[in-house]
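Asks: In the working numbering, the protein residues as written are 6 to 193. Where a beta carbon is used, it is the ideal one built from N, C-alpha and C, also for glycine.
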């Protein structure tokens with residue numbers, strides 16, 4: 006068992022515990038009395054290492070080493086994703102701000118998945134080609150010619166986005182062809 010002085014020391018370690026998420030602090034406080042496998046509590050400067058050590062000690066106190074390793078593997082590899090849909094106007098008019106915002110989300114520990122459009126860019130290209138865009142109830146009607154232009158354009162817009170993110174030091178992976186569409190109403 007931990008001596009009373011070790012428990013008091015662990016509970017007073019405010020600089021480290023303030024960097025640890027509240028749930029980890031509660032878990033540590035609840036399980037300090039149960040810890041019997043160790044007589045020391047290690048702290049490091051990295052909050053990720055501190056959190057991992059706290060969770061590791063808590064898991065060891067309530068289960069087998071194998072069980073705690075399984076839980077640690079599960080939670081240490083988990084990522085938090087956020088899916089964002091961005092219209093083509095944002096890419097066209099605010100690319101720099103968008104990329105800085107995406108970089109900020111990454112720095113917060115989120116993994117943004119971006120689904121983007123290119124509607125205004127497509128309208129401009131079709132207008133330059135003399136093709137008038139057709140819409141029904143706010144949805145673009147895409148013929149074969151428009152689809153060919155759209156595919157090329159979307160790849161170009163995606164390349165602009167990934168190039169700008171690369172310039173900011175953000176590693177990117179472009180995925181095209183992930184979503185496939187079918188007719189809403191083939192007769193229309």
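(1) Along the chain, where does the beta strand (DSSP E) that runs through residue 116 open and close?
(2) With residue 154 and residue 127 assumed to form a contact (beta carbons below 8 Å), what rounded beta-carbon distance in angstroms separates them?
(3) From this set, 168, 150, 190, 93, which residue's C-alpha is nearest residue 121's C-alpha?
(4) Within this structure, are the beta carbons of residue 158 and residue 119 separated by less than 8 Å?
(5) Following the continuous alpha helix (DSSP H) through residue 179, name the residue where it begins and the one where it ends.
(6) Hey, would you say residue 96 sits closer than 8 Å to residue 162, going by beta carbons?
(7) Compare the C-alpha of residue 156 against each of 184, 116, 117 and name the closest.
(8) Locate the alpha helix (DSSP H) running through residue 167, then write down its first and last residues.
Replies: Answer, in terms of the structure:
(1) The residue you call residue 116 lines up with position 111 of the chain shown. 115 to 121 is the span of the beta strand (DSSP E), which, as asked, contains residue 116.
(2) On the chain shown, residue 154 is found 149 positions in, with the first residue counted as 1. On the chain shown, residue 127 is found 122 positions in, with the first residue counted as 1. Rounded, the Cβ-Cβ distance is 7 Å, consistent with contact.
(3) Here residue 121 refers to the residue found at position 116 when the chain shown is read from its first residue. Here the closest residue by C-alpha is 93.
(4) Translated into the one-based positions of the chain shown, residue 158 becomes position 153. Translated into the one-based positions of the chain shown, residue 119 becomes position 114. Not in contact: residue 158 and residue 119 (Cβ atoms no closer than 8 Å).
(5) On the chain shown, residue 179 is found 174 positions in, with the first residue counted as 1. Neither: residue 179 is in no alpha helix (DSSP H) and is coded neither H nor E.
(6) Counting from 1 along the chain shown, the entry for residue 96 is found at position 91. Counting from 1 along the chain shown, the entry for residue 162 is found at position 157. Taking 8 Å as the Cβ cut-off, residue 96 and residue 162 qualify as a contacting pair.
(7) Taking the chain shown and counting its residues from 1, the one referred to as residue 156 is at position 151. Residue 156 has its Cα closest to that of 184, out of 184, 116, 117.
(8) Working through the chain shown from its first residue, we reach residue 167 at position 162. Taken as a continuous stretch (DSSP letters only), the alpha helix (DSSP H) holding residue 167 covers 149 to 172.
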